[in-house]
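**Student:**
Residue numbers (full-length UniProt numbering): 1 to 203.
Written as structure tokens, this is what we have:
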């Protein structure tokens, strides 16, 4: 009896959790562009605020430790670990420097800027991860065109259902949307799976 959470997760070859949550009806590219524009605005604001510090008195900024890696975070946990271990210690040093040289007012503005930036950064990584699932979705559609317009999570559930044949699947689902997806998936006719195809679905 497989136990499944929805949206489904897969484990990649590297051991990372791979969230199967792509929906072709909800393209996220324009959202990513908007989030990047907001981050760029915050990066520029940070540059202005850090101008109170003497040149050469700091090595890293929020921008220099996040922007180069925006598209490299594999999941939210990966981002959180990076923030905790790398970004936050650097920002704490900058905040202390700003208070000492620029005063409490500038320090407060800088903290407010960071508080605005972190949720945007998290949302960017979330949307980027969803968009990256598009390649896996395309592979499946090429092999099984009957799944056209299904979302990736429902496809994964149906492929699992088809491979099991008869059996019981316990689904843990928090939203009505998930229940509808599962009902739709189990009501559909089973797909005749070519088992050599599974190798192509590795993430």
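Ideal Cβ placement from N, Cα and C applies to all residues, glycine included.
I need the straight-line Cα distance from residue 61 to residue 35, nearest angstrom please.
**Tutor:** 19 Å
**Student:** What number of angstroms, rounded off, separates the C-alpha of residue 58 from the C-alpha of residue 88?
**Tutor:** 15 Å
**Student:** Just the C-alpha distance for residue 210 and residue 191, rounded to the nearest angstrom, thanks.
**Tutor:** No information on residue 210 is available, as it lies outside the stretch 1 to 203 that the chain covers here.
**Student:** Can you list the alpha helix (DSSP H) stretches of 4 or more residues lying completely in the region 132-173, in chain order?
**Tutor:** 134-143 and 152-164
**Student:** Quick one: does the C-beta of residue 70 sit closer than 8 Å to a heavy atom of the ligand ADP?
**Tutor:** This structure lacks the ligand ADP, and indeed carries no ligand of any kind.
**Student:** Starting from residue 185 and walking both ways along the alpha helix (DSSP H), at which residues does that stretch end?
**Tutor:** 176-187
**Student:** Who are the near neighbours of residue 188 in its chain, counting only those whose CB is closer than 7 Å to its CB and skipping five residues on each side?
**Tutor:** 158
**Student:** Under 8 Å by Cβ, that's how I've got residue 197 and residue 151 pegged, so tell me the actual separation to the nearest angstrom.
**Tutor:** Contact check for residue 197 and residue 151: beta-carbon distance about 19 Å, past the 8 Å limit, so the pair fails to qualify.
**Student:** Looking only at its chain, what residues have a beta carbon closer than 7 Å to the beta carbon of residue 52, apart from the 5 residues adjacent to it on each side?
**Tutor:** Hits under 7 Å: 98, 101, 102 and 106.
**Student:** Please return the same chain residues whose Cβ sits closer than 7 Å to the Cβ of residue 79, not counting the five positions on each side in sequence.
**Tutor:** 73, 122 and 125
**Student:** Are residue 46 and residue 113 close, meaning C-beta to C-beta below 9 Å?
**Tutor:** In contact: residue 46 and residue 113 (Cβ atoms closer than 9 Å).
**Student:** Can you give me the start and stop residues for the alpha helix (DSSP H) that residue 102 sits inside?
**Tutor:** 88-102
**Student:** Count the other CB atoms, across all protein chains shown, that sit within 10 Å of the CB of residue 161; report buried if there are 16 or more and exposed otherwise.
**Tutor:** buried
**Student:** Less than 9 Å between the C-beta atoms of residue 20 and residue 174, yes or no?
**Tutor:** no
**Student:** DSSP three-state call for residue 193: helix, strand or coil?
**Tutor:** coil
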